[in-house]
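Going by our numbering, the sequence shown opens with residue 11, and the numbers climb by one from there.
Idealized CB from N, CA, C, for every residue including glycine.
On a predicted model such as this, the values are computed, not experimentally measured, just so you know.
See below for the structure under consideration.
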Amino acid sequence: MNTHWLSMDKDPMGRAIYDYFKTGRAGKLRVFSSQFDEDELPVVDLFRTFDQMPLLEQTALHLAHGRILDVGAGSGCHSCALKDLGKESLAIDISPWSVEVMQRRGLNAHLTNVFDERFTGQFDTILMLMNGSGIIGKLKNMPVFLTRIKQLLAPGGCVLMDSSDLRYLYEDEDGSYVIDLAADYYGEVDFQMQYGKIKGDSFDWLYIDFDTLSAYASQYGFVVEKVKEGMHYDYLARLSLK
Ligand code: SAH
11 MNTHWLSMDK
21 DPMGRAIYDY
31 FKTGRAGKLR
41 VFSSQFDEDE
51 LPVVDLFRTF
61 DQMPLLEQTA
71 LHLAHGRILD
81 VGAGSGCHSC
91 ALKDLGKESL
101 AIDISPWSVE
111 VMQRRGLNAH
121 LTNVFDERFT
131 GQFDTILMLM
141 NGSGIIGKLK
151 NMPVFLTRIK
161 QLLAPGGCVL
171 MDSSDLRYLY
181 EDEDGSYVID
191 LAADYYGEVD
201 FQMQYGKIKG
211 DSFDWLYIDF
221 DTLSAYASQY
231 GFVVEKVKEG
241 MHYDYLARLS
251 LK
């Protein structure tokens with residue numbers, strides 16, 4: 011498992027966040043993937059306010075309590091919204107430009123990889139939002155991930171994470187699914203981003219369906235609940251320790 015953070019010259023999304031924060035505008039943040047056509051991530055969306063957030067995210071923010079860890083916090087949109095709700099959080103990210111922005115926004119933010127065991131703490135709520143399961147990268151990393159969050163959770167604590175079931179990509183017109191069971195798990199994708207001339211390295215990103223998440227997490231002693239379903243195969247899950 012990679013436990014490093016990004017270098018400043020290979021952090022396209024962070025640089026876009028920085029530009030948007032400084033000037034109120036940013037260029038095109040391009041997203042490449044071997045599974046999908048080229049796409050664009052509107053940088054303004056990374057600065058969404060509570061009212062602009064999808065219901066799944068709003069629900070997670072309402073449920074968050076106690077010592078809150080915002081993992082992969084980006085521009086800090088969730089931590090800012092939590093502040094407005096009178097809740098404090100620690101925001102971590104591997105993007106140096108994003109962390110710089112979060113600190114300038116007055117947030118408690120650190121340049122930290124959640125998998126780096128030198129980072130310690132006991133949190134009542136660990137938030138992972140905007141397909142938060144992505145950070146896990148591959149299904150084979152589930153054991154490392156689940157062990158890691160156990161270390162970071164206070165007794166009675168929970169993880170609130172959103173994800174999507176990508177099975178709709180494989181849906182036939184008659185509603186049946188053609189999924190090759192011998193192939194890699196269908197929620198494993200790769201992405202690469204580019205902002206102007208800044209191109210990041212390609213990275214693995216995991217979308218996980220609720221049943222698969224449940225099966226893994228329950229083996230590690232978690233109680234797994236689907237808190238809410240979204241509009242399009244997406245859901246918010248809560249993982250808590252028995
Ligand atoms: N939560 C934010 C940003 C989502 S994008 C939002 O909803 O707008 C995912 C973020 O996770 C990026 O900022 C990326 O730099 C960060 N990230 C990826 N891997 C990480 C890791 N291992 N530890 C901490 N942050 C990570």
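For the beta strand (DSSP E) containing P153, name the first residue and the last one.
One-based indexing of the sequence shown puts residue 153 at position 143. Following the DSSP letters along the chain, one finds P153 in no beta strand (DSSP E) but inside the alpha helix (DSSP H) bounded by residues M152 to L162.
Out of curiosity, what's the CA-to-CA distance linking G96 and V54?
Against the sequence shown, residue 96 aligns to sequence position 86. Against the sequence shown, residue 54 aligns to sequence position 44. Taking the straight line from one Cα to the other gives about 24 Å.
Nearest CA to the CA of Y4: which residue from E98, Y180, T122 and A26?
Since the first residue of the chain shown is 11 and the last is 252, residue 4 is not available in this structure.
Under three-state DSSP, which class holds G96?
In the sequence shown, the residue the question calls residue 96 occupies position 86. G96 falls in the coil class under three-state DSSP.
Hey, Y226 and K236: beta-carbon distance below 8 Å or not?
For the purposes of this step, residue 226 is taken as residue 216 along the sequence shown, with counting starting at 1. For the purposes of this step, residue 236 is taken as residue 226 along the sequence shown, with counting starting at 1. No, these two residues do not count as a Cβ contact at 8 Å.
Status (buried if at least 16 other CB within 10 Å, exposed otherwise) for R114:
Within the sequence shown, residue 114 is the residue found at index 104, counting from 1. Taking a 10 Å sphere around the C-beta of R114, we find fewer than 16 other C-beta atoms and assign the residue as exposed.
Inter-residue Cα distance where the pair is S85 and I104
Looking up residue 85 in the sequence shown gives position 75. Looking up residue 104 in the sequence shown gives position 94. The alpha-carbon atoms of S85 and I104 are separated by roughly 12 Å.
Taking contact to mean at least 3 C-beta pairs separated by less than 8 Å, is the region 119-126 in contact with the region 71-90?
Yes, since at least three Cβ pairs between the region 119-126 and the region 71-90 fall closer than 8 Å, the two stretches touch.
Given this structure, state the Cα-to-Cα distance separating F31 from T59, to the nearest angstrom.
Within the sequence shown, residue 31 is the residue found at index 21, counting from 1. Within the sequence shown, residue 59 is the residue found at index 49, counting from 1. F31 and T59: Cα-Cα distance of roughly 14 Å.
F60 beta carbon near the ligand SAH (any heavy atom closer than 7 Å)
Translated into positions along the sequence shown, residue 60 becomes position 50. Not one heavy atom of the ligand SAH is found less than 7 Å from the C-beta of F60.
Is the region 61-77 touching the region 154-162 in the sense that three or more CB pairs, one from each, lie closer than 8 Å?
The answer is no - the region 61-77 does not touch the region 154-162, with fewer than three Cβ pairs under 8 Å.
Going by C-alpha to C-alpha distance, which of P22, G185 and H242 sits closest to L65?
Counting from 1 along the sequence shown, the entry for residue 65 is found at position 55. Nearest option by C-alpha distance: H242.
May I ask you to list the residues that DSSP assigns as paired with D49?
For this step, residue 49 is matched to residue 39 along the sequence shown. Its beta-bridge partners are V41.
When you compare the region 146-161 with the region 87-102, are there three or more beta-carbon pairs, one atom per stretch, that lie closer than 8 Å?
Here the region 146-161 makes no contact with the region 87-102; the two share fewer than three CB pairs at distances below 8 Å.
Check for me: the beta strand (DSSP E) holding K8 runs from which residue to which?
Residue 8 cannot be examined here, being either before or after the span of the chain that is shown, 11 to 252.
Could you check which residue in E48, F46, P52 and Q45 has the C-alpha nearest to that of K38?
By one-based count along the sequence shown, residue 38 stands at place 28. Between K38 and the set E48, F46, P52 and Q45, the nearest pair of CA atoms involves P52.
Kindly indicate the opening and closing residues of the alpha helix (DSSP H) around M112.
Taking the first residue of the sequence shown as position 1, residue 112 is located at position 102. Its alpha helix (DSSP H) spans residues P106 to R114.
Taking K148 as the reference, which of D182, G197, S174 and N118 has the closest Cα?
Position 138 of the sequence shown holds residue 148. Of the residues D182, G197, S174 and N118, the one whose Cα lies closest to the Cα of K148 is G197.
Whole-Å CB distance - D200 paired with S44, under 8 Å assumed:
Reading the sequence shown from its first residue, position 190 is the one you call residue 200. Reading the sequence shown from its first residue, position 34 is the one you call residue 44. About 6 Å separates the Cβ atoms of D200 and S44, confirming a contact at the 8 Å cut-off.
Can you round the beta-carbon distance between Y230 and S143 to whole angstroms, since I take them to be within the 8 Å contact cut?
Taking the first residue of the sequence shown as 1, we reach residue 230 at position 220. Taking the first residue of the sequence shown as 1, we reach residue 143 at position 133. About 15 Å separates the Cβ atoms of Y230 and S143, ruling out a contact at the 8 Å cut-off.
Look up L170 in the DSSP assignment and say whether it is helix, strand or coil.
As a position in the sequence shown, residue 170 is number 160, starting the count at 1. DSSP places L170 in strand when its eight states are reduced to three.
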